[in-house]
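Chains as they are written, first to last, in UniProt numbering: chain B, 1 to 510; chain V, 1 to 96.
Each residue gets a CB set at the ideal place from its N, CA and C atoms; glycine is no exception.
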């Protein structure tokens, strides 16, 4: 029913779009719509009757069980009746459909009736909606008819619209060559198609050239941004670290040296993807030997990336604990540690073979006897290392937290190398003396065998470099990778507490 | 049996309530029917039996004469009311 009027409506709409409305069409449209409306009304009427029947039935069913029996006139065909009695009032057979019946009580029958009424009501609502819809359509078509009857105005408006469309089309054609002045473009377009195409071509060329330029700029910017980002991340740390160093009383000179060094390396390695990896590794696990190896193998200047990383990572820890100064030291320490690692890796042959060296008391003596200014200075005890005292000094100066002690060792070594220019103990510089190397190897071997020992030894060595003695030999330094290990860290942590007091004393001395 | 003639087959009466919005013509016819029913019921002898048809079926239930009379009178009043309302609305429309 609904589908019929719609096509007519669509046809009418199409007709209206192309040509003025014809009163015949509109009238027919309205006719169809009114047909739908009347059909809906009839249906509604029918459904209302059904609903009413159901209501009556429901009422009867609800009251039927009230009595045991009813006197009724029993239909005997359509016209004849005979008096009778209606018994078993609470027993009803319900037609379920397709000649299937169901025996049930009056109450259940009432429920069934209610369910069917629901369905009827739904149908009624739908029909009402349809009717409303089409009534509104009828109104619309009536308006349409009125408009079509008073045709003059509508015709004028349509002409205007056509003009507008034409104008738009012209504009669009003119826009294509827009790069050049509009007038020229128009002229060219009007007179010669070739010229127009040329213009387009030129414009395309220009466009591509422009795009290329933009791409280049993007690349540059992208690189710059990356660099700037990296630089910023590092630079901030560096600056802060520098400032902190300046503030530091004791190791100012050393720190500066290390800072400059780190920055230079940093800039070199910024572009290195390896740096990032190294940073990541460093951040995730500072004590990882594998990371160190990667750095060494991957990039000669891996120290830069590592520095980078350390700077970024360190500030967080440092700030939490002590502040900028500590952060600076950390970064330096990291760099140093990395360098040491490299060196150790570069001299990797040292580390592995060195381990077995300490197998005799003499080796132990070598390892734990510090060489100060070419003189052998025995340590008071293996457990109490000068390095710790030295480290204490450095700690006090740096005011670094206990967490950083591991790194401190590395930093100290760096300071030694740069300040003294000859700290073989750390093994950072290949220039280190053979003796230093041997000692380092011994230390490494010790550390490899006895981790706790190695950790302590490292500390001592680190401390020794803190007191810049060019001739001093620090065997522990090469054990940097071991420091990274958890065990070493723990030992360092334990030592840290002690070192603070000592550091205070050292600071006073300085 | 005795109430043969008073069988009320216009049991659709109550239905008129539900289907109030009818045409004016239908309403008028229904009013006429109802008037007849009331007259018939009121003129019945007291011993006559009155049956009321169950709507939409062919069964006639025995019912009370007076009840049916009052019921049919009520329906008649209702129908008249509706008729009045329709007329009023039509008048208003004409005035406007």
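Using three-state DSSP, classify residue i as helix, strand or coil.
{"i": "residue 64 (chain V)", "result": "coil"}
{"i": "residue 98 (chain V)", "result": "Past the edges of chain V, shown from 1 to 96, lies residue 98 (chain V), and the structure says nothing about it."}
{"i": "residue 508 (chain B)", "result": "helix"}
{"i": "residue 361 (chain B)", "result": "helix"}
{"i": "residue 31 (chain V)", "result": "helix"}
{"i": "residue 77 (chain B)", "result": "coil"}
{"i": "residue 93 (chain B)", "result": "strand"}
{"i": "residue 541 (chain B)", "result": "This structure leaves residue 541 (chain B) out entirely; chain B is present only between 1 and 510."}
{"i": "residue 86 (chain B)", "result": "strand"}
{"i": "residue 45 (chain V)", "result": "coil"}
{"i": "residue 72 (chain B)", "result": "strand"}
{"i": "residue 96 (chain V)", "result": "coil"}
{"i": "residue 81 (chain V)", "result": "helix"}
{"i": "residue 98 (chain B)", "result": "coil"}
{"i": "residue 59 (chain V)", "result": "coil"}
{"i": "residue 48 (chain B)", "result": "helix"}
{"i": "residue 22 (chain B)", "result": "coil"}
{"i": "residue 23 (chain V)", "result": "coil"}
Counting only C-beta atoms, is residue i closer than 8 Å to chain B at any point?
{"i": "residue 59 (chain V)", "result": "yes"}
{"i": "residue 54 (chain V)", "result": "yes"}
{"i": "residue 69 (chain V)", "result": "no"}
{"i": "residue 44 (chain V)", "result": "no"}
{"i": "residue 79 (chain V)", "result": "no"}
{"i": "residue 62 (chain V)", "result": "yes"}
{"i": "residue 96 (chain V)", "result": "no"}
By DSSP's criteria, residue i is part of a beta bridge. Which residues make up the other side?
{"i": "residue 368 (chain B)", "result": "Paired residues: none, contrary to the question."}
{"i": "residue 40 (chain B)", "result": "Bridge partners of residue 40 (chain B): none, in fact."}
{"i": "residue 103 (chain B)", "result": "B:93"}
If I'm right that residue i touches residue j with Cβ under 8 Å, what's the distance once you round it to whole angstroms?
{"i": "residue 50 (chain B)", "j": "residue 113 (chain B)", "result": "That pair is no contact at about 11 Å."}
{"i": "residue 30 (chain B)", "j": "residue 138 (chain B)", "result": "6 Å"}
{"i": "residue 134 (chain B)", "j": "residue 36 (chain B)", "result": "5 Å"}
{"i": "residue 92 (chain B)", "j": "residue 61 (chain B)", "result": "7 Å"}
{"i": "residue 76 (chain V)", "j": "residue 38 (chain V)", "result": "6 Å"}
{"i": "residue 79 (chain V)", "j": "residue 27 (chain V)", "result": "6 Å"}
{"i": "residue 117 (chain B)", "j": "residue 54 (chain B)", "result": "5 Å"}
{"i": "residue 24 (chain V)", "j": "residue 86 (chain V)", "result": "6 Å"}
{"i": "residue 75 (chain B)", "j": "residue 58 (chain V)", "result": "4 Å"}
For residue i, would you say it is in contact with chain V, using Cβ-to-Cβ distances shorter than 8 Å as the test?
{"i": "residue 56 (chain B)", "result": "yes"}
{"i": "residue 75 (chain B)", "result": "yes"}
{"i": "residue 146 (chain B)", "result": "no"}
{"i": "residue 81 (chain B)", "result": "yes"}
{"i": "residue 116 (chain B)", "result": "no"}
{"i": "residue 71 (chain B)", "result": "yes"}
{"i": "residue 60 (chain B)", "result": "yes"}
{"i": "residue 533 (chain B)", "result": "Nothing can be reported for residue 533 (chain B), as the shown portion of chain B is limited to 1 through 510."}
Taking residue i as the reference, give the member of the options with the closest Cα.
{"i": "residue 56 (chain B)", "options": "B:102, B:81, B:34 and B:110", "result": "B:110"}
{"i": "residue 69 (chain B)", "options": "V:63, V:72 and V:68", "result": "V:63"}
{"i": "residue 126 (chain B)", "options": "B:40, B:219 and B:367", "result": "B:40"}
{"i": "residue 544 (chain B)", "options": "B:367, B:508, B:365 and B:23", "result": "In this structure chain B extends from 1 to 510, so residue 544 (chain B) is not present and cannot be described."}
{"i": "residue 107 (chain B)", "options": "B:94, B:118 and B:43", "result": "B:94"}
{"i": "residue 66 (chain V)", "options": "V:53, V:46 and V:55", "result": "V:46"}
{"i": "residue 33 (chain B)", "options": "B:128, B:136 and B:82", "result": "B:136"}
{"i": "residue 115 (chain B)", "options": "B:209, B:76 and B:58", "result": "B:58"}
{"i": "residue 42 (chain B)", "options": "B:105, B:100, B:28 and B:123", "result": "B:123"}
{"i": "residue 72 (chain B)", "options": "V:72, V:34 and V:60", "result": "V:60"}
{"i": "residue 105 (chain B)", "options": "B:65, B:363, B:506 and B:366", "result": "B:65"}
{"i": "residue 71 (chain V)", "options": "V:58, V:52, V:96 and V:56", "result": "V:52"}
{"i": "residue 33 (chain V)", "options": "V:92, V:57, V:44 and V:73", "result": "V:73"}
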